[in-house]
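For the sequence shown, the residue numbers in my numbering are 19 to 188. Right, one structure below, let's go through it.
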Amino acid sequence: MITITENKLDAIRSALPSEGLFADKDWLISPDAFPISNKFADDLDRLGHRLFVFQRACNQLYQLSFRGKQPGWIAKYLDAGKPPKLVELSRQKIFRDDLPRVIRPDLILTENSYIIAEIDSVPGGIGLTAWLNGTYSALGQDVIGGETGMLDGFQTVLPNGGDILVSEES
């Protein structure tokens, strides 16, 4: 007997793109979108601004460090391993206040809350999340942001288009 769950799983599997990130991989698929509470969704919504303020403060601390107004080890540590030209360019007035337009924290859920394991600025996972949102929405499930929320949000980063540079690390 075919269950509703099996039908959902078949629909999700048939929607998997055959190229890119999805090519030649086996995926553990859930028949339902990952559920989170309204409170957690609200917390996540507020987290973006808080992390932006944190990154801005870290950037200001770095600038004060390389100018000698805060301990020098801060800038030395953050500059370690970077090509001198990159450090020089990043300190120029035109760039020094630029902050990443994407803030992507890696969260680990705990029993009562979550921890932030890393704050990344590489927009990895946006395409996958957009696909998941669209796929689960097509199955009639509610997802944060709706069917196109991830794509709509990412488009606000560069509303008029633009170039995106991706490092080798990415």
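Glycine included, every Cβ here is placed at the ideal spot set by N, Cα and C.
Counterpart residues of residue i in DSSP-defined beta bridges
i: residue 136; result: 124
Closest by C-alpha distance to residue i, when choosing among the options
i: residue 70; options: 99, 120, 60 and 143; result: 120
i: residue 42; options: 49, 34 and 48; result: 34
i: residue 129; options: 169, 103, 106 and 54; result: 54
i: residue 142; options: 39, 126 and 31; result: 39
i: residue 131; options: 58, 112 and 44; result: 58
i: residue 110; options: 122, 85, 124 and 123; result: 85
i: residue 182; options: 151, 37, 139 and 108; result: 139
i: residue 163; options: 63, 22, 32 and 37; result: 63
i: residue 148; options: 136, 135, 137 and 170; result: 170
i: residue 56; options: 107, 165 and 161; result: 161
Cα-Cα separation between residue i and residue j, rounded to whole angstroms
i: residue 156; j: residue 172; result: 20 Å
i: residue 60; j: residue 24; result: 32 Å
i: residue 95; j: residue 101; result: 13 Å
i: residue 90; j: residue 98; result: 12 Å
i: residue 126; j: residue 144; result: 18 Å
i: residue 152; j: residue 134; result: 26 Å
i: residue 36; j: residue 82; result: 49 Å
i: residue 174; j: residue 180; result: 11 Å
i: residue 115; j: residue 136; result: 21 Å
i: residue 92; j: residue 26; result: 51 Å
i: residue 150; j: residue 22; result: 19 Å
i: residue 165; j: residue 184; result: 26 Å
i: residue 146; j: residue 75; result: 31 Å
Beta carbon of residue i nearer than 8 Å to that of residue j
i: residue 117; j: residue 77; result: yes
i: residue 79; j: residue 88; result: yes
i: residue 51; j: residue 159; result: yes
i: residue 65; j: residue 123; result: yes
i: residue 104; j: residue 113; result: no
Residue i - containing alpha helix (DSSP H), residue span
i: residue 26; result: 22 to 33
i: residue 106; result: 102 to 108
i: residue 111; result: 111 to 114
i: residue 178; result: From DSSP, residue 178 is part of no alpha helix (DSSP H); its letter is neither H nor E.
i: residue 74; result: 56 to 84
i: residue 150; result: 144 to 156
i: residue 96; result: 90 to 97
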